[in-house]
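Contents: one structure, followed by commentary.
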Amino acid sequence: MNNYLILNTTGWPILSLLMVIPAAGAFVALLIRGDLVLKIWGVIVTLATMALSIPLYSGFATDSARYQFAEQYSWFPALNLYYVVGVDGISLLLVLLTTFIMPLCILCSWQQIQYRLKEFIVVLLLMEAAMIGVFISLNTLLFYIFWEGMLVPMYLIIAVWGGPRRDYASIKFFLYTFSGSIFLLVAIIALYISTGTFFIPALMDHGYPFVYQLWIFLAFTLSFAVKVPVYPLHTWLPAAHVEAPTAGSVILASILLKMGGYGFLRFCLPIVPAATIACVPYMIAISLVSIIVGGYLALGQSDIKKLIAYSSVGHMGFVTLGTFLLNGQGIEGAILQMVNHGITTGALFICVGIIYERTHSREIGANSALGMMMPVYVTFLGIFSLSSFGFPGTNNFVSEFLVLVAAFSGNPLVGALSILGVTLAAAYMLRLLQRMVWDRSDGHGHHGVEKGEGRKLWDLGARECVMLGILAVFVFWIGFYPRPLIAIMDKSVTHLLQQVEAGKVERIFK
Amino acid sequence: MQITLLLPEIALSLASLVLFFCTLGRFRDRTLQAITTTLSLISLGAALCAYGQEGMLFFNTYRVDLLSQLFKVIITFGLFLVLCIAPGSRGVERKYLAEYYLFLTIGAMGLVLLVSSHELLTIVMSLEIASFAICVLIPLRSLKLHRDQMEAAIKYFLFGVSTIGIMLFGMSYLFGLANSTYLGDLAERLPALVRSEPLAVVGMVMMLCGFFYKLSLFPMHFLTPDIYEGSANETAAYYSTLPKIAAVALLIRLVSLAGVEAGRLTWVLALLAVLSMTVGNLAALVQNDLKRLLAYSSIAHAGYVMIGILSMNSLGLAASVYYMLGYLLMNLACFHVIYQLAPNGENLTFDHLRGLYCRSPLLAATLAAGAFGLTGIPPTIGFTGKFLIFTAAFQKGFHLLVILAVVNAAISLFFYLKMVRAAYSQVDDLGEAVPLTIQARLIGLFFIASIILTGVLPQWFIALAKESVAGLP
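One line per chain: the protein sequences are C and V, in this order.
My numbering applies: residue 1 is where the first sequence begins, and numbers increase by one.
My numbering applies: residue 1001 is where the second sequence begins, and numbers increase by one.
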């Protein structure tokens, strides 16, 4: 087993602590009284987790494709089940994304959550522990436990603190994701029966028969495709996004959706490479449909949150597209796109939350012409909107460019169709921006408030500026200097491609 | 004969005797409750002391082995929990309270005898003791609210008697074929017979019907919802858990008689398991009464457990024992909530759950733990149990069975989630806070903690269960 791992040498179980600190923080939060103390406690715990994750970045050996900071303990010896955690270049970035987004989730709920604050903080912290667990598990069963266990806190976030249609949205979210991923369990059991191990890197080294691979691929794909989500399975996403509180939307968009993409990279490509190669045309077709349909649906929305939700479908289409192009640029672009989408869309949802706290409406029409009243807000909105459609100099430009290069080098038609997706993204984001900043065409606002002079809107406070400012820094940092991130994932991606190549060879010889 | 072999039986008999004398006098409700709880705790202690004993008693009709002793611990523990979740037994007719506790204990004694019985007629006798006790328990529901209990009791009795008839009929076939009623002898002769004689399979299935009824497995599930609905909440809590646990013990014993290669029998059991899951889950989707919903859910769970039993490998059998422990905890967690929310012992619907998390966050969390556990969402014992059962079935190559089972788990999510959704839904009229005693709080916390901890750390119990099924003939 140790051929795959570089055991943790930092002296303290850093990855396990990343899970234990939020979970323990949740239990302590149960005992705390007083809303302000609770919020501060939430920020302290999430910041501590974030601080703890920084040594991962600085101590990560970029010249190795092995799983680093690994820990391994016996868990259920009778089943050959070990508790194994570790990060490689692919999961490290997503772990960092999670730990950096979570403090913002607490900050953006500062005023929005008016009741049951204690439970909210507890659920949010448990959620963080489970999400980190998903990204660091190197054991299929452990992965599944976090993957499914995470549904319960997310369900509660939507069902208890959500908007008017939260019942519908939360049930739909739970049913879709649970039904999708139940087959993941069957695949995990099937792999265990045929190999006798739950250890993910070891599962990658077996050459399975092609038909067997196809079945496993189908089971994997169903569960990951619901989470991403790709086109025909995406309908839970707008409902969940619209009804969830801001923190819930941010978690959904920034982290939860990434788990689908991460699942493809961690499970489908290396474990069942032959089936992956066989299914590439279908997966690319589905990705293109997601990109284009997501873009068109976003174009027609009048609800800002819905618009961003549909834009997520399009952006995540680039992730699956890049993944299944099966070349270095495509996969690096896909991973980077996951991080970028997490930053940008998270920021956009925070923007929506901020304006909703002021006008109590998410309609574009009711929130138009804000440029006069909220210049700082509009500046941030502009930055993130530009970043969302991949304006050069922002983070999404880098990742979408990588995916596009990969697409054109593979098949010009695929490239041409994805260009259409990029154009659509520019269209719907610019429409949103134009109407929210300048538009004065429809003169009457909702809630009986007259536009312009009658309305009292205050600009961003210090807390809101800090949240958006941090994300804006990342937008430009990745936009201008993505080199460190690419360096982290480089070796792992190369290794992943070698594994896929092995599948190609295998298929020719069988 | 060593006296220690029979410690739990002796403890429960003495407990029944004490309670019998209690029925003759007049005691305050609180005293009766305290006496019964203490006695059940003593029985649990006795069962724990007797754990690990092995021996054959009463001319080889009574077998004390690891399997029976493990089940005795679970059953006496279950009895203790049932008494704990229903302090005061509010749903029971006041003047018969002493009798209620008496028959509760006798029923548990019957079940304890059942798991050790090693001869067909002994099995029937113990089963009758357990069944008739329940027959008396059901109509003891408070008359103020309901009169359905009489109907439920009659249904339980008539259907129970018919299944016992079917069971005896099946046993007569087996006796005719194998010339013995001792399980020890049957274990030697049956495997060959099951492979060659279709009649042996028919006999086996008919014999198992008696336990299908106890487990409420399809096609013996018909009246289960009516019985749950008609009986008091605490009776339903008892009826939905303890007899099923004992039935699983006997099914493990009897099915393993047929040997590992029981082709046709396995097919029949697999068919029944699938039908049971599907019928239970689909019917549960449209229920509004919580007890009826839990009844259909128990029919579905009978199907899941059956998969473990019919896998007939050590992991499968151990997993079904483990699953029943989980079922006990999860089901009683739900009944704990139902009992606390029904101050007069009435039947609850989804409307009674609305806004529960505002009225009592702990009860809502207990209900969520129970419901998510029953669905099989990690990290609960329900998930680990299902996972182990599916793994065992996959090892035997029952791929389709596993796929049908996970589809069923996905269906079942809907109605379990309906319970949680009702509990966590926002309502305008919040109603009053549910007053919880310290004891009720502790039990709620116990359920939440045990459902999660036994789910995350299953190895010690699985090791015990594997050890106990290894000793089967």
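Glycine residues also receive a C-beta, built at the ideal position from the N, C-alpha and C atoms.
- A direct Cα-Cα distance of roughly 14 Å separates C:M436 from C:L386.
- Under the three-state reduction of DSSP output, V:F1157 falls in the helix class.
- In the structure shown, the three-state DSSP call for C:D303 is strand.
- Per DSSP, the unbroken beta strand (DSSP E) holding C:Q68 starts and ends at 67-76.
- The alpha-carbon of C:N395 is positioned some 13 Å away from that of C:V403.
- Listed by position along chain V, the residues whose Cβ is nearer than 8 Å to that of C:D88 form an empty set, because the closest Cβ is around 24 Å away.
- Judged by their CB atoms, C:A274 and C:F349 are not nearer to each other than the 8 Å cut-off.
- Proximity of chain C to V:L1367 at the Cβ level (cut-off 9 Å) is not reached, the minimal Cβ distance being about 13 Å.
- Non-local C-beta neighbours of C:T195 in its own chain, meaning closer than 8 Å and more than five positions away in sequence, comprise A202, L203, H206, ordered along the chain.
- In the structure shown, C:F199 falls within a strand segment according to DSSP collapsed to helix, strand and coil.
- Within the model, the alpha-carbon separation for C:F264 versus C:F318 is close to 13 Å.
- Put simply, the backbone Cα of C:Y377 is about 17 Å away from that of C:R431.
- Interface with chain C (8 Å Cβ-Cβ cutoff): V:I1462 is included.
- With a cut-off of 8 Å on Cβ pairs, the stretch 164-181 of chain C is in contact with the stretch 227-243 of chain C, counting three or more such pairs.
- Note that the C-beta distance between V:S1468 and V:L1067 is below 8 Å.
- C:G89 places its beta carbon less than 8 Å from that of C:I488.
- With its beta carbon at least 8 Å from every one in chain C, V:V1434 lies outside the interface.
- The CB of V:P1219 never comes closer than 7 Å to any CB in chain C; the least such distance is about 27 Å.
- Annotation for V:R1063: the continuous beta strand (DSSP E) segment containing it runs 1062-1064.
- DSSP places C:V37 inside the alpha helix (DSSP H), whose first and last residues are 35-59.
- Rounded to the nearest angstrom, the gap between the Cα atoms of V:A1130 and V:G1280 is 25 Å.
- Using beta-carbon distances, C:S311 does not count as an interface residue toward chain V, since no partner is under 8 Å.
- The beta strand (DSSP E) runs lying completely inside the stretch 1003-1083 of chain V and spanning 3 residues or more are 1055-1057, 1062-1064, given in chain order.
- Around the CB of V:N1233, 16 or more other CB atoms lie within 10 Å, so the residue is classed as buried.
- For V:D1289, the three-state secondary structure derived from DSSP is strand.
- Of all residues in the stretch 145-157 of chain C, only I145, F146, W147, E148, G149, L151, V152, Y155, L156 place a beta-carbon less than 9 Å from a beta-carbon of chain V.
- Residue burial annotation: C:F27 is exposed, with fewer than 16 other C-beta atoms found within 10 angstroms of its C-beta.
- Between V:L1183 and the set V:V1268, V:C1334, V:L1388, V:E1119, the nearest pair of CA atoms involves V:E1119.
- Judged by DSSP in its simplified three-state form, V:L1329 adopts helix.
- At least 8 Å separates the CB of V:T1023 from every CB of chain C.
- Between the C-alpha atoms of V:Y1322 and V:L1363 there is a straight-line separation of about 25 Å.
- V:A1133 is positioned such that its CB atom lies no closer than 8 Å to that of V:G1165.
- Taking a C-beta distance under 8 Å as the contact criterion, C:G346 and C:A253 qualify as a contact pair.
- Here DSSP, grouped into helix, strand and coil, assigns V:L1242 to helix.
- Taking C-beta atoms as the reference points, V:G1382 and V:M1330 count as a pair closer than 8 Å.
- C:F100 has its alpha-carbon roughly 27 Å from the corresponding atom of C:G294.
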